[in-house]
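Asks:
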Amino acid sequence: MDTQLWVEHELDVLISESKTYPDQAFYRELKQLFIEQYQRIEQLQGELDGRMWNPSQW
Amino acid sequence: MKTLVIVAHPEIDNSTTQQFFKEGLAGFDNYEWHEIKQEFEVASERLLLIKADRIVFQFPLYWYSAPAILKQWLDEVFSVNQLDLSGKELGLVVSTGSPSKDFQAGGTEKYAMSEVLRPYEMLANRMGMKYLTPVVIHQFAYLKETDKQQLLVRYQQYVTNEQFASFNGQVNWFVKGLNERVADNPEVAKLLSVLEENEEQRHDLSWNVEQFKQDED
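As structure tokens, then:
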């Protein structure tokens, strides 16, 4: 399974099985942090590709 | 970093918001929850302030200001000549029963919350403190459960995370939280290693992008 899908699935399990309210809040917000982290990585990869294939720099 | 949370509420025990925050900080170190009483000793209050790195005023908004109890406390405890708080941080956690859309140009209240809270920004400036972006809670009772949980974690970081405003700082805070939970569940260790590997990848990519930017200049 793709790592990001595994992370989100794992966190969904932790959210639903949390024994305390603060734990549930922690895992729910951690999931949002992971989503933002993957977005940032994707954006940086896109920017790097764009700069590598910039014909004006060839 | 040590944080002092100054709670100014005339009826703390009946405030669901304040109880929500108080319970949300259980298990954290390096903070002190201090409820202001009608009677206090100026010297001991000042000592608490001096020992803290971050000071947070927490109160419900009454007529565009804090409850009178905080004003009286400030008038007696704060002093430009007798209290040195320079270099410390000042944060605010303010709750209001009005929706956020009211606090803007053209809205019912006409002015933004940043303008309403300006006296505290001036206070921080006068005392040589760094003013932190306030946490404002609008209509706590109407928040959805997921929004309440988001607020709780944001609040926990406001009190306990030195770098709560940056993504790096937030990642480090969650890394610490995961390390404290590893013993409860073996899957947590795997999540922790993915989080750290991703960060390494993100920093590498960021470094490479910077190199290209410099070469293009």
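Going down the list, the protein sequences come from chains A and B. So for the first sequence, this note's numbering puts the first residue at 1; every next one is plus one. So for the second sequence, this note's numbering puts the first residue at 59; every next one is plus one. The C-beta atom is built at its ideal place from N, Cα and C for all residues, glycine as well.
1. On the three-state DSSP scale, how would you describe B:Gln116?
2. Find out if the Cβ-Cβ distance for the pair B:Ser264, A:Leu44 is shorter than 8 Å.
3. With a Cβ-Cβ cutoff of 8 Å, do A:Leu48 and B:Asn266 count as a contact?
4. Closest Cβ-Cβ distance between A:Leu45 and chain B: below 8 Å?
5. Can you tell me the Cβ-Cβ gap for B:Ala66 and B:Ile127, rounded? I've got them flagged as a contact below 8 Å.
6. For A:Glu8, which residues of its own chain have a beta-carbon under 6 Å away from its beta-carbon, when the five flanking residues on both sides are left out?
7. Can you give me, in chain order, the residues of the stretch 216-244 of chain B that have a beta carbon less than 8 Å from any beta carbon in chain A?
8. Among residues of its own chain, excluding the 5 on either side of B:Ile64, which ones have a beta-carbon nearer than 6 Å to its beta-carbon?
9. Tell me the DSSP secondary structure of B:His196 in three-state form.
10. Taking Cβ positions only, does B:Ser264 come closer than 8 Å to chain A?
11. Which residues mark the beginning and the end of the beta strand (DSSP E) in which B:Thr154 is found?
12. Considering A:Leu48, what are the terminal residues of the alpha helix (DSSP H) in which it resides?
13. Compare the C-beta of B:Thr61 with all C-beta atoms of chain A and state if any pair is closer than 8 Å.
14. Between which two residues does the alpha helix (DSSP H) harbouring B:Trp265 extend?
15. Taking A:Leu30 as the reference, which of B:Leu253, B:Glu203, B:Glu103 has the closest Cα?
16. Using the beta-carbon of each residue, which ones in chain B are nearer than 8 Å to A:Pro95?
17. Quick test of your reading: B:Glu231 and B:Asn243, contact by CB under 8 Å. State the CB separation rounded to the nearest angstrom.
18. By Cβ distance below 7 Å, which residues in the same chain neighbour B:Glu179 in space, the five residues on each side in sequence not counted?
19. Between the stretch 189-200 of chain B and the stretch 155-173 of chain B, do at least 3 Cβ pairs fall closer than 8 Å?
20. Where DSSP assigns a beta bridge to B:Ile108, which residues make up the other side?
21. With three or more C-beta pairs closer than 8 Å as the rule, is the stretch 154-168 of chain B touching the stretch 180-187 of chain B?
22. Who does B:Leu62 pair with in a DSSP beta bridge?
23. So, for B:Lys129: in the same chain, excluding its five sequence neighbours on each side, which residues have a beta-carbon less than 8 Å away from its beta-carbon?
24. Would you mind working out which of B:Val240, B:Gln208, B:Trp121, B:Leu150 sits nearest A:Gln24, comparing C-alpha positions?
25. What residue range does the alpha helix (DSSP H) around B:Val240 cover?
26. Going by the CB atoms, is the gap between B:Gly186 and B:Ser144 shorter than 8 Å?
27. So, is B:Gly235 buried or exposed, given that buried needs 16 or more other C-beta atoms within 10 angstroms?
28. Do B:Ser153 and B:Leu24 count as a contact pair if the criterion is CB distance below 8 Å?
Replies: Short version:
1. Within the second sequence, residue 116 of chain B is the residue found at index 58, counting from 1. Residue state, collapsed to three classes: strand.
2. Walking along the second sequence from the start, residue 264 of chain B turns up at place 206. Walking along the first sequence from the start, residue 44 of chain A turns up at place 44. Yes, the pair counts as a contact, with Cβ atoms nearer than the cut-off.
3. As a working mapping, residue 48 of chain A is identified with position 48 in the first sequence. As a working mapping, residue 266 of chain B is identified with position 208 in the second sequence. Cβ distance < 8 Å, so A:Leu48 and B:Asn266 count as in contact.
4. Mapped onto the first sequence, residue 45 of chain A falls at position 45. Before going further, note that residue 45 of chain A is Gln rather than Leu in the sequence given. Cβ-Cβ to chain B under 8 Å: yes for A:Gln45.
5. The residue given as residue 66 of chain B occupies position 8 in the second sequence. The residue given as residue 127 of chain B occupies position 69 in the second sequence. B:Ala66 to B:Ile127, Cβ: 5 Å. Contact.
6. Looking up residue 8 of chain A in the first sequence gives position 8. So no residue of the chain qualifies.
7. Phe225, Gln228, Val229, Phe232, Gly235, Leu236, Arg239, Asn243
8. Start at 1 with the first residue of the second sequence, and residue 64 of chain B comes out as number 6. His92, Phe115.
9. Indexing the second sequence from 1 puts residue 196 of chain B at position 138. Looking at B:His196 - three-state DSSP - the assignment turns out to be strand.
10. By 1-based counting over the second sequence, the position of residue 264 of chain B is 206. So yes, B:Ser264 belongs to the interface.
11. Reading the second sequence from its first residue, position 96 is the one you call residue 154 of chain B. 147-154 is the span of the beta strand (DSSP E), which, as asked, contains B:Thr154.
12. In the first sequence, residue 48 of chain A corresponds to position 48, counting from 1. Where A:Leu48 is concerned, the enclosing alpha helix (DSSP H) stretches over 21-52.
13. Translated into positions along the second sequence, residue 61 of chain B becomes position 3. B:Thr61 does not count as touching chain A.
14. Numbered from 1 along the second sequence, position 207 holds the residue referred to as residue 265 of chain B. Run containing B:Trp265: 244-274, per the alpha helix (DSSP H) assignment.
15. Here residue 30 of chain A is taken as the residue at index 30 of the first sequence, counted from 1. Nearest C-alpha to A:Leu30: B:Leu253.
16. The structure shown does not extend to residue 95 of chain A, since chain A is modelled only from 1 through 58, so no value can be given for it.
17. As a working mapping, residue 231 of chain B is identified with position 173 in the second sequence. As a working mapping, residue 243 of chain B is identified with position 185 in the second sequence. Reading the sequence as shown, one finds Trp at residue 231 of chain B and not Glu. Actually they do not touch by this definition, with Cβ atoms about 19 Å apart.
18. In the second sequence, counting from the first residue as 1, residue 179 of chain B sits at position 121. Counting only Cβ-Cβ distances below 7 Å, and skipping sequence neighbours, we find Tyr189.
19. yes
20. Here residue 108 of chain B refers to the residue found at position 50 when the second sequence is read from its first residue. DSSP output for B:Ile108 lists no bridge partner at all.
21. no
22. Here residue 62 of chain B refers to the residue found at position 4 of the second sequence. Paired residue(s): B:Glu90, B:Ile113.
23. Against the second sequence, residue 129 of chain B aligns to sequence position 71. Counting only Cβ-Cβ distances below 8 Å, and skipping sequence neighbours, we find Ser123.
24. Counting from one through the first sequence, the residue named residue 24 of chain A turns up at place 24. Closest by alpha carbon: B:Gln208.
25. On the second sequence, residue 240 of chain B is found 182 positions in, with the first residue counted as 1. Run containing B:Val240: none; DSSP gives neither H nor E here.
26. For this step, residue 144 of chain B is matched to residue 86 along the second sequence. For this step, residue 186 of chain B is matched to residue 128 along the second sequence. Cβ atoms of B:Ser144 and B:Gly186: closer than 8 Å.
27. The sequence position of residue 235 of chain B within the second sequence is 177, counting from 1. Flag for B:Gly235 reads buried.
28. Outside the displayed span of chain B (59 to 275) sits residue 24 of chain B, for which this structure offers no information.
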